[in-house]
Ligand SMILES: C[S@@+](CC[C@H](N)C(=O)[O-])C[C@H]1O[C@@H](n2cnc3c(N)ncnc32)[C@H](O)[C@@H]1O
């Protein structure tokens with residue numbers, strides 16, 4: 007079963023079962039985004055130099071690192087797993103990006119998102135639903151939210167991008183803009 011099938015199976019699983027499987031704070035298991043998709047997500051979010059990017063559930067830090075290295079952005083990764091947070095922090099240090107990229111080890115549901123120009127996520131539809139009140143509370147008009155594979159229920163995307171990775175895997179990126187979600 008490849009990553010997408012696992013993720014799809016998870017969307018079809020009741021939230022209570024997911025919570026039981028991964029722990030109550032867990033919004034999704036760790037499945038890294040392929041690099042080609044990382045770049046398409048940041049392009050789709052129109053990330054530009056100086057923007058502040060937050061990746062909610064940032065895994066090994068690949069999205070925040072790419073945001074800084076290739077797009078000239080500042081970035082914050084929020085990751086609940088200490089081991090992944092440590093790996094990301096070490097990569098950030100070894101690449102000399104500490105002045106622009108930082109990691110927060112904690113629950114993405116409890117983070118103040120008001121500095122963000124762009125938020126990226128690769129979570130589950132049910133998790134996006136839980137995060138939506140915070141996106142609505144904190145994000146400024148014009149901020150973009152880019153979700154890999156899973157839509158935000160109740161919001162209308164401004165764009166949907168389809169991307170192929172490998173020979174047969176097809177992915178969907180949902181792009182939202184605060185103030186234009188209805
Ligand atoms: C599908 S992975 C995506 C990783 C990374 N964003 C990427 O695209 O490669 C989801 C990540 O969310 C993290 N996560 C799950 N629940 C979380 C929570 N409540 N707060 C912060 N991170 C969480 C997982 O540990 C995992 O690393």
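Residue numbers (the working numbering): 7 to 188. For glycine and all other residues, C-beta sits at the position ideal for the given N, C-alpha and C.
Within the same chain, show all residues whose beta-carbon is closer than 6 Å to that of residue i, passing over the 5 residues directly before and after it, in chain order.
i	result
residue 62	84, 114 and 127
residue 81	59, 70, 73, 74 and 107
residue 175	none
residue 65	36, 38 and 90
By alpha-carbon positions, which one of the options ends up nearest to residue i?
i	options	result
residue 123	86, 57 and 44	57
residue 5	169, 180 and 187	Because the chain spans 7 through 188 in this model, residue 5 falls outside it and cannot be assessed.
residue 52	66, 79, 65 and 37	79
residue 55	67, 77, 65 and 66	77
residue 89	102, 104 and 110	110
residue 118	143, 105, 174 and 65	143
Sorted by chain position, which residues of the same chain lie with C-beta nearer than 7 Å to residue i's C-beta, five sequence neighbours on each side aside?
i	result
residue 187	161 and 162
residue 147	184 and 185
Mind checking whether residue i and residue j have CB atoms under 7 Å apart?
i	j	result
residue 181	residue 50	yes
residue 184	residue 145	yes
residue 97	residue 67	yes
residue 179	residue 167	yes
residue 33	residue 120	no
Cutting at 8 Å between CB atoms, please list the residues of its own chain near residue i, excluding the five before and the five after it.
i	result
residue 47	39, 69, 126, 152, 154 and 179
residue 45	72 and 76
Within the segment 26 to 75, ranges of the alpha helix (DSSP H) (whole runs, at least 4 residues): Secondary structure within the segment 26 to 75: the alpha helix (DSSP H) runs of 4 or more consecutive residues, fully enclosed, are 41 to 50 (chain order).
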